[in-house]
Amino acid sequence: MALTQLTLPAPAKLNLFLRITGRRADGYHQLQTLFQLLEFGDSIHLQLLSDNTLQLSKTMPGVAAEDNLALKAARLLQQYAWPQLSEAPGARISVEKRLPMGGGLGGGSSDAASVLLGLNRLWGLGLGNEKLAALGLELGADVPVFIYGQNSIGEGIGERLRPLHTGPAWFVVLAPRVNISTASIFSQPQLTRDSHAIRIPADFGSASAPVPLHDWPQGSGLPAGELRNDCEAVVRSLYPEVDTAISQLGRFGNARLTGTGGCVFASFADRASAQRALQAMPDGLDGFISEASERSMAKRALEQLA
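307 is the number that my numbering gives to position 2 of the sequence shown; each next residue is one higher, with no gaps.
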């Protein structure tokens, strides 16, 4: 029997490091980063509709429906697929949010990717990862990593991906009560824009020698001093809440910013250590713990439907 509805996770990502290596003529920044997926995220509920309407059944505060990346992803896929189908596809989309907006966890991009992956299945399109990633790139530079669903080195504007294997770890992620615009951080004049790209060996993150995460960045085999986030100093200076979060979590591990923030993270060897660190945070500093993913929750969920 053909599927008429499905639910997919939309996992969070961390940028374990983020170096800004230049700026293109079109204003986009050239990056080098390591994307690490988490076992925590939003949930996307999709229901097939018999007509060609696309409905968003839940809206997010402060985000107009027309600006919602999940709805944009559905429209983009519908426009691409319409000529290939005998009947116009439609869907009802509901996003159950757990990831903070403006947090640097890729929530909107992950939602968009899970919509593309899920509707590709519901509508019977049979599109491969490459095509879905190309469509996703029209929505945001982080969408392709969620389409492929693998931890990866990202270069270019983040869309050139080199998959790798990472070892087991648990993360504490703190979410200061700020909503940070990526565009606003990248427009700051004091932002470093000329970091050199780290030379990453061809066998970095091989299946036989996954990148150790439990005490990141120690033991990675890369120069630990260069595995920084070039946005961190700027964000800490502009947002005292982020500075406080890094200082508090830094009492327990190597705390750092993900993306352009405002979420911060540190890695731990086991769940108990991560839980103790989270419980020690002062009142008003919220967060969660998550295990590191080897492969995306969304991709695994789709495989179970096969």
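Ideal Cβ positions, reconstructed from N, Cα and C, are used throughout, including at glycine.
Notebook entry, point to check: Does the region 414-421 come close enough to the region 384-391 to have 3 or more Cβ pairs within less than 8 Å?
Noted result: Judged by Cβ distances under 8 Å, the region 414-421 makes no contact with the region 384-391, as fewer than three pairs qualify.
Margin query: Quick check: does the Cβ of residue 372 come within less than 8 Å of any heavy atom belonging to the ligand ZN?
Written below: The ligand content of the structure shown is nil, which means the ligand ZN is not present either.
Next item on the list: Can you have a look at residue 579 and say buried or exposed, based on whether 16 or more other CB atoms are within 10 angstroms of its CB?
Entry: Residue 579 counts as buried, since no fewer than 16 other beta carbons sit within 10 angstroms of its beta carbon.
Notebook entry, point to check: By Cβ distance below 8 Å, which residues in the same chain neighbour residue 493 in space, the five residues on each side in sequence not counted?
Noted result: 539, 543
Item checked: Distance CB(residue 458)-CB(residue 339) smaller than 9 Å -> yes
Item checked: Beta-carbon proximity list for residue 601, same chain, < 6 Å, skipping 5 on both sides -> Setting aside the 5 residues that flank it on each side, residue 601 is surrounded in the same chain by 316, 342, 454, each with a C-beta closer than 6 Å to its C-beta; the list follows chain order.
Next item on the list: Find out if the Cβ-Cβ distance for the pair residue 565, residue 478 is shorter than 9 Å.
Entry: Remark: C-beta atoms of residue 565 and residue 478 do not approach each other more closely than 9 Å.
Check: Skipping 5 residues on each side, what residues in its chain have a beta carbon closer than 6 Å to that of residue 496?
Finding: 539
Checklist line | Three-way DSSP call (helix, strand, coil) for residue 523 in this model | finding: coil
Margin query: On the criterion of 16 or more Cβ atoms from any shown chain inside 10 Å, does residue 394 qualify as buried, or is it exposed?
Written below: buried
Notebook entry, point to check: What is the DSSP secondary structure of residue 384, counted as helix, strand or coil?
Noted result: helix
Margin query: Going by beta-carbon coordinates alone, are residue 336 and residue 530 separated by less than 9 Å?
Written below: no
Margin query: Using the three-state DSSP reduction, which class does residue 315 fall into: helix, strand or coil?
Written below: strand
Next item on the list: Tell me whether residue 589 is buried or exposed, calling it buried when 16 or more other Cβ atoms sit within 10 Å of its Cβ.
Entry: exposed
Item checked: Neighbour-count burial assignment, residue 545, 16 or more Cβ in a 10 Å radius -> Label assigned to residue 545: exposed.
Notebook entry, point to check: Is the Cβ-Cβ distance between residue 514 and residue 520 less than 9 Å?
Noted result: no
Checklist line | Same chain, Cβ closer than 6 Å to residue 522, neighbours up to 5 away in sequence not counted | finding: 529, 532
Checklist line | Under 9 Å between C-beta atoms of residue 397 and residue 354 | finding: yes
Item checked: Bounding residues of the alpha helix (DSSP H) (the contiguous stretch that carries residue 341) -> Per DSSP, residue 341 belongs to no alpha helix (DSSP H); it is in the beta strand (DSSP E), 334-354.
Next item on the list: Have a look at 553, 460, 591, 427 and flag the residue whose alpha-carbon is nearest the alpha-carbon of residue 310.
Entry: 427
Margin query: Among the candidates 319, 318, 320, 332, whose CA atom is the shortest distance from the CA of residue 498?
Written below: The candidate whose alpha carbon is nearest that of residue 498 is 332.
Check: Leaving out the 5 sequence neighbours to the left and right, which residues in its chain are closer than 6 Å to residue 574 when beta-carbon positions are compared?
Finding: 519
Notebook entry, point to check: According to DSSP, what are the bridge partners of residue 320?
Noted result: Per DSSP, 340.
Next item on the list: Keeping to the same chain, check which residues put their C-beta closer than 7 Å to that of residue 484; ignore five residues upstream and five downstream.
Entry: Only residues of its own chain outside the window of five on either side were considered, and among them 406, 407 have a CB closer than 7 Å to the CB of residue 484, listed in chain order.
Check: What is the rounded straight-line gap between the Cα of residue 512 and the Cα of residue 358?
Finding: For residue 512 and residue 358, the distance between alpha carbons rounds to 44 Å.
Check: So what does DSSP say about residue 401, is it helix, strand or coil?
Finding: strand
Margin query: On a Cα-Cα basis, can you pick out the residue from 307, 321, 433 that is closest to residue 525?
Written below: 321
Next item on the list: Per DSSP, which residues does residue 511 bridge with? Please list them.
Entry: 514
Margin query: Just verifying my parser: in three-state terms, what is the DSSP assignment at residue 695?
Written below: The requested residue 695 does not occur in the structure, where the chain is confined to residues 306 to 611.
Next item on the list: Taking all protein chains shown into account, decide if residue 561 is buried (16 or more other Cβ within 10 angstroms of its Cβ) or exposed.
Entry: buried
Next item on the list: For residue 549, name the three-state secondary structure that DSSP assigns.
Entry: helix
Check: residue 547 to residue 391, Cα distance in whole Å?
Finding: A direct Cα-Cα distance of roughly 51 Å separates residue 547 from residue 391.
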